[in-house]
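Just so you know, the protein sequences line up as chains E and P, in that order. If you're matching positions, the first sequence starts at 139 in the working numbering and goes up one per residue. If you're matching positions, the second sequence starts at 8 in the working numbering and goes up one per residue. Virtual Cβ for every residue (Gly too), placed ideally from N, Cα, C.
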Amino acid sequence: MTEHLGEDAELYPLGILDDDATRNVERHIALCSACAQRVAQAQAVAASLAAALPLATPSPALGRRLRESARPQPTAKSRASFFPFALAAAFALAFLGLGWQALVLRERLQSEDVALVTMVHSHFNHVSMDPESTSPVTAKILYARDGSWIYVIADKPGGTLHAMARTATGSTDLGTLTSAGETATLLVHPRERIVSITLQRAGANVASAALAY
Amino acid sequence: MDELIEAFAARRPSGLEQAYALWSSLFLSVARHIISDGAAAEDCVHDALVRVWRAPNSFSGNREMLKAYLVACVRNEALTFLRRESRHDARALKAARLTPVTTVEPPVVDPVETQRLQGALARLPEEQRAALMLAYYGNKTHVEIAKEVDAPLGTIKSRISMAMRKLHAELASPGGSRS
Chain E
139 MTEHLGEDAE LYPLGILDDD ATRNVERHIA LCSACAQRVA QAQAVAASLA
189 AALPLATPSP ALGRRLRESA RPQPTAKSRA SFFPFALAAA FALAFLGLGW
239 QALVLRERLQ SEDVALVTMV HSHFNHVSMD PESTSPVTAK ILYARDGSWI
289 YVIADKPGGT LHAMARTATG STDLGTLTSA GETATLLVHP RERIVSITLQ
339 RAGANVASAA LAY
Chain P
8 MDELIEAFAA RRPSGLEQAY ALWSSLFLSV ARHIISDGAA AEDCVHDALV
58 RVWRAPNSFS GNREMLKAYL VACVRNEALT FLRRESRHDA RALKAARLTP
108 VTTVEPPVVD PVETQRLQGA LARLPEEQRA ALMLAYYGNK THVEIAKEVD
158 APLGTIKSRI SMAMRKLHAE LASPGGSRS
């Protein structure tokens with residue numbers, strides 16, 4: 139393991155480090171309980187600073203969207219962001235501090251790359267999505283030749299993207315793409331063969347593509 | 008175990024709904040402080056909470072730790088959004104940020120809630136306090152702060168780090184404030 143984080147442990151919860159430094163902190167705290175505890179302490183301070191902000195009232199629509207997103211989506215498996223996972227790892231290590239947890243966390247970190255591993259062991263096609271609307275998104279679909287998985291990647295999504303698919307028997311909702319830095323992604327294991335996918339932002343179509351097997 | 012923590016860690020919908028019910032205003036406050044557009048701020052709250060909640064076995068701790076953790080995730084989501092947008096339009100970044108460079112102060116809303124924080128902030132050395140104010144309430148990176156106050160990057164990092172550690176020592180101690 140590299141040496142301890144130092145001052146970056148306090149800067150990280152403020153969200154002010156650059157991308158490389160942020161990734162370094164996330165990798166480190168997943169395996170170092172001392173630095174994870176230091177980050178967790180800074181986290182608590184940051185939350186205290188947030189408590190001094192003027193309170194805002196969310197719209198009722200936000201609550202409805204969250205409840206909708208919490209409903210089970212058995213066909214879709216989103217690729218989780220590393221950031222919240224690493225923070226969670228910080229808490230786990232900092233406050234439970236058990237060696238075996240480091241092993242568990244390492245496995246979880248590896249599972250973040252499940253989409254890449256899936257691709258490595260598959261034969262797949264890819265297609266660029268055709269932009270639609272006046273505010274399109276650049277996106278690509280990688281998909282298994284046997285139709286067993288589909289991976290959607292959007293560059294600079296510009297908001298929450300939702301994937302809708304058409305099959306031989308009708309339409310199906312694949313779920314919401316998960317943002318991770320500059321991109322948003324979605325890994326899906328569909329129950330039936332998908333013939334086309336459309337990406338929507340705020341209910342408007344922004345890109346689409348047909349899949350040829 | 009706390010019912011909320013158990014439900015959240017198990018990715019039950021009730022965990023997400025309870026957390027949102029308890030702290031939704033705080034989450035949106037954090038996002039709105041960074042993003043002026045209300046709809047985009049709500050998007051950030053939604054995306055951050057759902058992502059954390061869906062992450063397998065993503066949390067262990069108590070209720071206060073969960074709140075702090077989610078607040079950090081929302082802030083990070085909002086800052087990521089702001090920086091992404093700024094690459095497309097630098098003017099949007101300028102408009103979205105709080106303005107004065109050297110006079111950024113935390114807004115006081117609830118005197119009871121913020122009394123200890125204000126006292127602890129007031130006892131920080133001025134240079135440390137200014138650097139932290141610019142970082143948190145001014146949404147500036149340590150690189151930007153270094154340029155603004157014309158100080159070495161390492162100095163700014165040290166000031167922010169020291170300020171955070173002093174605040175933790177004060178806020179975590181029983182009774183906290185000495186004033």
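I'd like to know if E/Leu193 contacts chain P, where contact means its C-beta is closer than 8 Å to some C-beta of that chain. Within the first sequence, numbered from 1, the residue matching residue 193 of chain E stands at position 55. Yes, E/Leu193 counts as interfacial toward chain P.
Which residues of chain E have a Cβ atom closer than 7 Å to the Cβ of P/Leu11, listed in chain order? Translated into positions along the second sequence, residue 11 of chain P becomes position 4. None at all; the shortest Cβ gap to chain E is about 14 Å.
Burial state of P/Glu177 (16 or more Cβ within 10 Å): Working through the second sequence from its first residue, we reach residue 177 of chain P at position 170. Buried.
Pick helix, strand or coil for P/Ile42, following the three-state DSSP scheme. As a working note, residue 42 of chain P is residue 35 in the second sequence. Per DSSP, reduced to three states, the secondary structure at P/Ile42 is coil, with no helix or strand assignment.
Taking the beta carbon of E/Pro151 as the centre, do at least 16 other beta carbons fall within 10 Å, making it buried, or is it exposed? Here residue 151 of chain E corresponds to residue number 13 of the first sequence, with the count starting at 1. With 16 or more other Cβ atoms within 10 Å, it is buried.
Exposed or buried, E/Leu193, counting other C-beta atoms within 10 Å across all chains shown (16 or more means buried)? To locate residue 193 of chain E, count along the first sequence from 1; it is residue 55. Classification of E/Leu193: exposed, given that the 10 Å Cβ count is below 16.
Tell me where the beta strand (DSSP E) around E/Ser309 begins and ends. The residue you call residue 309 of chain E lines up with position 171 of the first sequence. From DSSP, the beta strand (DSSP E) with E/Ser309 extends over Gly308 to Thr314.
Distance cutoff 8 Å, beta carbons only. Does P/Lys74 sit that close to anything in chain E? Residue mapping note: residue 74 of chain P aligns to position 67 of the second sequence, counting from 1. It does; some Cβ of chain E falls within 8 Å.
Report yes if the C-beta distance between P/Leu131 and P/Ile167 is below 8 Å; otherwise report no. Mapped onto the second sequence, residue 131 of chain P falls at position 124. Mapped onto the second sequence, residue 167 of chain P falls at position 160. Contact: no.
Cutting at 6 Å between CB atoms, please list the residues of its own chain near P/Thr110, excluding the five before and the five after it. Within the second sequence, numbered from 1, the residue matching residue 110 of chain P stands at position 103. At P/Thr110 the pLDDT is 40, less than 50, meaning the model places this residue with poor confidence; the figure from the coordinates comes in the next sentence. No residues qualify anywhere along the chain.
Kindly say whether E/Arg244, judged by its beta-carbon, lies nearer than 8 Å to any beta-carbon of chain P. Taking the first sequence and counting its residues from 1, one reaches residue 244 of chain E at position 106. Low confidence applies here, because E/Arg244 scores a pLDDT of 42, under 50, leaving its location unreliable and the question unanswered by this model.
Is the segment 311 to 325 of chain E close to the segment 33 to 45 of chain P, with three or more CB pairs under 8 Å? In the pairwise beta carbon analysis, the segment 311 to 325 of chain E is classified as not touching the segment 33 to 45 of chain P: fewer than three pairs are separated by under 8 Å.
Measure from the C-beta of E/Ile167 to each C-beta in chain B and report whether the shortest distance is under 8 Å. Within the model displayed, chain B is absent; protein chains E and P are what it includes.
Classify E/Pro295 as buried or exposed, calling it buried when 16 or more other Cβ atoms lie within 10 Å of its own Cβ. Start at 1 with the first residue of the first sequence, and residue 295 of chain E comes out as number 157. Answer is buried; the Cβ neighbour count reaches 16.
Between the segment 18 to 27 of chain P and the segment 257 to 277 of chain E, are three or more C-beta pairs nearer than 8 Å? By the criterion of at least three beta-carbon pairs nearer than 8 Å, the segment 18 to 27 of chain P is not in contact with the segment 257 to 277 of chain E.
CA-CA distance, P/Ser93 and E/Arg165? Within the second sequence, residue 93 of chain P is the residue found at index 86, counting from 1. Within the first sequence, residue 165 of chain E is the residue found at index 27, counting from 1. Distance from the CA of P/Ser93 to the CA of E/Arg165, rounded to the nearest whole angstrom, comes to 27 Å.
Let me check understanding here. Comparing Cα to Cα, which of E/Ala340, E/Val344 and E/Ala345 lies closest to P/Ala46? On the second sequence, residue 46 of chain P is found 39 positions in, with the first residue counted as 1. Between P/Ala46 and the set E/Ala340, E/Val344 and E/Ala345, the nearest pair of CA atoms involves E/Ala340.
Taking buried to mean at least 16 other C-beta atoms within 10 Å of its own C-beta, is E/Glu148 buried or exposed? Start at 1 with the first residue of the first sequence, and residue 148 of chain E comes out as number 10. Buried, since its Cβ has 16 or more Cβ neighbours within 10 Å.
Under 8 Å: do the segment 24 to 32 of chain P and the segment 173 to 180 of chain E share three or more Cβ pairs, one atom per stretch? Short answer: they don't touch.
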